[in-house]
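Participant:
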Amino acid sequence: MRKALSIVALIGVSFSSFSQDVFDVGIRNIEIFFSQSNWDDSLDIYYANGLGERLIADSILIDGIADQNVGIKYKGNSSYNVNNTKNPMNIKLDYVNNGQSIDGYNVLKLSNGFRDPSFVREVLSYEMAREYMPSPKATYAKVTVNGTLIGLYTCVQTIDDDFTNENFYERKGPFFKVENTGISVPGCMGQLGILEHYSDTNCYQRAYEMESTNDWEKLGNFLDTLNNHFTEVENVMDIDRTLWMMAFENLTVSLDGPMNSIPHNFYLFKDNNGRFSPLLWDMNMAFGTFTNGLPTPVLIADLQELDIFHNSTDASNKLTTQVFSSDRYKKMYVAHMRTILNEQFVNNNYSTRASALQQIIDTDVNTDPNTFYSYTEFTSNINSSVGSGPIPITGITELMNARITHLQALNEFTATPPTVSNISSNPTNVLPHSTINITAEISNSNYAYLGYRYTFADKFEKLQMYDDGMHGDGTAGDGVFGTTINVDARDVQYYFYAENSDAGIFSPERAEKEFH
């Protein structure tokens with residue numbers, strides 16, 4: 007009976023699907039000690055070799071806590087340069103000593119602020135994204151090597167088995183880093199593009215980095231369904247997490263990734279329900295900094311008015327072409343984008359937070375001996391473009407305030423979505439292993455469904471809701487939609503989705519990240 011009562015108590019209340027710890031936003035002090043005086047040359051050689059080699063630091067102090075024999079390598083693509091003093095780093099604390107970590111993390115990834123005069127793009131992006139989807143944590147770190155200050159970095163959580171366990175309750179699922187799928191592989195027709203399918207799994211092995219073991223066939227099966235059997239895609243892909251990621255990348259004009267047909271900077275993980283999810287990665291060039299792939303010359307207006315269905319007709323991008331081929335998924339995508347827009351941008355939350363982050367790092371940016379930008383450019387770039395030439399780095403509010411205005415004028419955003427209210431259950435006192443009718447008043451809708459599950463690790467099952475007087479919904483045509491589910495002794499987590507011919511809406515609006 008106690009379990010049944012807790013089921014009913016959930017009605018009308020929203021909860022987050024995971025109570026995440028967030029990196030303490032501040033500045034970690036990282037002191038690295040190499041025995042070699044030529045450590046930078048060694049790291050450059052290892053980077054050039056491309057074999058993943060690491061130089062072992064004798065010790066490292068992180069906020070005064072010591073670790074020994076730590077493996078370090080340079081990372082990055084355009085952010086790395088052999089002539090840089092401050093190159094991005096990958097620090098593996100347990101490279102030699104198994105189990106060595108700091109606050110439970112054994113890998114720290116340090117970004118050097120390349121192409122971001124504001125120095126807040128990465129932390130701000132990940133912080134907002136975590137409100138809606140699995141996303142790394144991020145903070146800042148001041149780094150010295152052998153007593154010499156290298157400078158300020160963004161310190162980002164790596165996407166590894168700890169990350170997947172935290173977000174998917176699963177450590178060992180098929181797991182891939184999508185690093186360079188825009189290549190031609192001998193024996194494979196054309197370029198691989200974004201999530202292209204090939205019957206020969208050997209075609210994937212130069213384009214994807216497998217982080218798990220012996221899972222090429224599982225990747226191939228997923229891509230086969232996505233490409234060739236799209237009506238079955240929800241069996242192999244978490245479509246909700248996919249839509250959140252796509253909406254976030256497009257809204258924030260984060261073009262160094264799959265939404266812009268750039269074939270890298272995301273991961274694929276298969277959960278214990280058999281579904282792959284794409285995962286955000288490498289957000290240092292969010293908010294319009296990356297413009298490759300757009301028609302030239304690229305103007306700020308092109309970024310401010312980026313098509314919300316960008317690349318929907320790019321045959322090489324199966325993520326966008328397949329997902330945007332569904333009118334329902336497009337409405338769900340816009341609903342998610344509208345939620346992010348209203349919660350983070352219309353209310354200026356993003357600019358307030360960006361300014362707060364700059365206040366935290368102000369002194370360290372000003373004293374960074376190897377920064378890529380002047381202090382004036384740092385303070386200016388939240389609101390104004392920085393740099394000369396054909397493609398300056400747009401200011402964050404300069405981009406987003408105009409983008410807000412543009413989006414709010416589009417038909418997809420002026421259309422009136424349904425309303426969902428007066429959520430109820432019948433009976434009120436639910437016995438374990440019985441049935442329950444869940445209803446809601448839904449206006450301006452021609453379709454609705456209930457998504458429900460029992461545990462965080464489950465996927466949401468979907469049941470269409472009806473206003474026909476035959477699904478526990480009262481009188482036919484009264485605006486009350488209902489459906490019936492079987493319950494056991496566990497609480498029920500659920501949400502609603504409703505749409506009309508023009509727009510859709512979720513209740514709660516952050517579903518499936520949050521639920522009633």
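Count along the sequence shown starting at 1, add 6, and that's the number in the working numbering.
The beta-carbon is built from N, C-alpha and C at its ideal position, and this holds for glycine as well.
1) Are the region 361–376 and the region 272–282 touching by the rule of at least three beta carbon pairs closer than 8 Å?
2) Is V371 helix, strand or coil by DSSP?
3) Is it a yes or a no for the region 170–177 touching the region 52–62, going by three-plus beta-carbon pairs under 8 Å?
4) Determine the extent of the alpha helix (DSSP H) in which K276 is found, giving its start and end residues.
5) How should H342 be labelled, buried or exposed, when 16 other C-beta atoms within 10 angstroms of its C-beta is the threshold for buried?
6) My understanding is that N452 touches T425, with C-beta atoms under 8 Å, so please give their C-beta distance in whole angstroms.
7) Does the pairing of the region 470–478 with the region 410–425 give three or more beta-carbon distances under 8 Å?
8) What three-state label does DSSP hand A362 in the structure shown?
9) Buried or exposed: which applies to M139, given that a residue is buried once 16 or more other Cβ atoms fall within 10 Å of its Cβ?
10) Given a cut-off of 9 Å, decide if I366 and G32 are closer than it, judged by their beta-carbon atoms.
11) Classify E238 as buried or exposed, calling it buried when 16 or more other Cβ atoms lie within 10 Å of its own Cβ.
12) Under a Cβ-count criterion, where at least 16 other Cβ atoms within 10 Å of its own Cβ denotes burial, should D27 be classed as buried or exposed?
13) Can you grab the Cα-Cα spacing for the pair Q350 / T295, in whole Å?
14) Starting from the Cα of A135, find the closest Cα among V149, T219, M243 and R247 and give me that residue.
15) Could you please give me the residues that DSSP links to I402 through a beta bridge?
16) Closest by CA to V184, which one among L325, D277 and N89?
17) Determine, using beta carbons only, whether I165 and L285 come nearer to each other than 9 Å.
18) Any idea what DSSP makes of S449, helix, strand or coil?
19) Hey, F181 and S218 are a contact pair by Cβ (cut 8 Å); roughly how many whole angstroms apart?
20) Taking one C-beta from the region 396–410 and one from the region 300–309 each time, how about it: are there three or more such pairs within less than 8 Å?
21) Suppose the cutoff is 7 Å on Cβ atoms and the five residues either side in sequence are ignored; what does the same chain contact list for Y381 look like?
22) Is DSSP giving T1 helix, strand or coil here?
23) Locate the beta strand (DSSP E) running through E505, then write down its first and last residues.
24) Per the DSSP calculation, G157 is bridged to which residue(s)?
25) If you reduce the DSSP assignment to three classes, tell me which class R34 lands in.
26) Going residue by residue through the region 180–219, where are the continuous beta strand (DSSP E) segments of at least 3 residues, counting only ones entirely within it?
27) Can you tell me whether DSSP reads Y381 as helix, strand or coil?
28) By a C-beta neighbour count over all protein chains shown, 10 Å radius and 16 as the cutoff for buried, is G56 buried or exposed?
29) Does V352 come out as helix, strand or coil in the three-state DSSP assignment?
30) Closest to N35 by C-alpha separation, out of S260, L99 and G70, would be which residue?
31) When you compare the CB positions of A213 and L229, do they come within less than 9 Å of one another, or not?
32) Using the Cβ count rule (16 or more neighbours within 10 Å means buried), how would you classify P303?
33) Over what stretch of residues does the alpha helix (DSSP H) that includes T489 continue unbroken?
34) Any idea what DSSP makes of E467, helix, strand or coil?
35) Looking at the secondary structure, which residues open and close the beta strand (DSSP E) in which L114 lies?
36) Under 9 Å between the Cβ atoms of Y455 and L469?
Facilitator: On the basis of the data shown:
1) Contact annotation: the region 361–376 does not touch the region 272–282, with fewer than three C-beta pairs closer than 8 Å.
2) If DSSP states are grouped into helix, strand and coil, V371 belongs with the helices.
3) The region 170–177, when compared against the region 52–62, does not touch it at the 8 Å Cβ threshold.
4) Per DSSP, K276 lies in no alpha helix (DSSP H) segment; the continuous beta strand (DSSP E) that holds it begins and ends at F272 to K276.
5) H342 should be labelled buried.
6) In fact, because the Cβ distance is near 14 Å, the residues do not count as touching under 8 Å.
7) Taking 8 Å as the limit for Cβ pairs, the verdict is that the region 410–425 does not touch the region 470–478.
8) A362: helix per DSSP, three-state reduction.
9) In summary, M139 is buried, with 16 or more beta-carbon neighbours lying within 10 Å of its beta-carbon over all protein chains present.
10) If you check the CB distance, G32 and I366 come in under 9 Å.
11) Answer is exposed; the Cβ neighbour count stays below 16.
12) Note that D27 scores a pLDDT of 40, beneath 50, so its modelled location is shaky and nothing firm can be said.
13) The straight-line gap from Cα to Cα measures roughly 19 Å.
14) Ranked by Cα distance from A135, the first of V149, T219, M243 and R247 is R247.
15) According to DSSP, which records beta bridges pairwise, I402 is partnered with nothing at all.
16) Per the Cα distances, L325.
17) Cβ atoms of I165 and L285: closer than 9 Å.
18) In the structure shown, S449 falls within a strand segment according to DSSP collapsed to helix, strand and coil.
19) Taking the Cβ atoms as the reference, F181 lies roughly 4 Å from S218, within the contact range of under 8 Å.
20) With a cut-off of 8 Å, the region 300–309 and the region 396–410 count as touching, because enough Cβ pairs lie within range.
21) Cβ contact annotation for Y381 (same chain, cutoff 7 Å, sequence separation greater than five): V371 and N372, in chain order.
22) Nothing in the structure corresponds to residue 1, since the chain is present only between 7 and 522.
23) Residues Q499 to E505.
24) Answer is V149, bridged to G157.
25) In the three-state reduction of the DSSP assignment, R34 falls in the strand class.
26) As summarised for the region 180–219, the continuous beta strand (DSSP E) elements at least 3 residues long and confined to that stretch are 181–184 and 214–216, given in chain order.
27) Correct three-state label for Y381: helix.
28) Label assigned to G56: exposed.
29) Helix, per DSSP.
30) Comparing Cα positions, the closest option is G70.
31) Going by C-beta atoms, A213 is not nearer than 9 Å to L229.
32) P303 should be labelled exposed.
33) T489 -> not in any alpha helix (DSSP H); beta strand (DSSP E) instead, spanning V486 to V493.
34) E467 falls in the strand class under three-state DSSP.
35) For L114, the enclosing beta strand (DSSP E) starts and ends at V113 to S117.
36) Yes, they are a contact pair.
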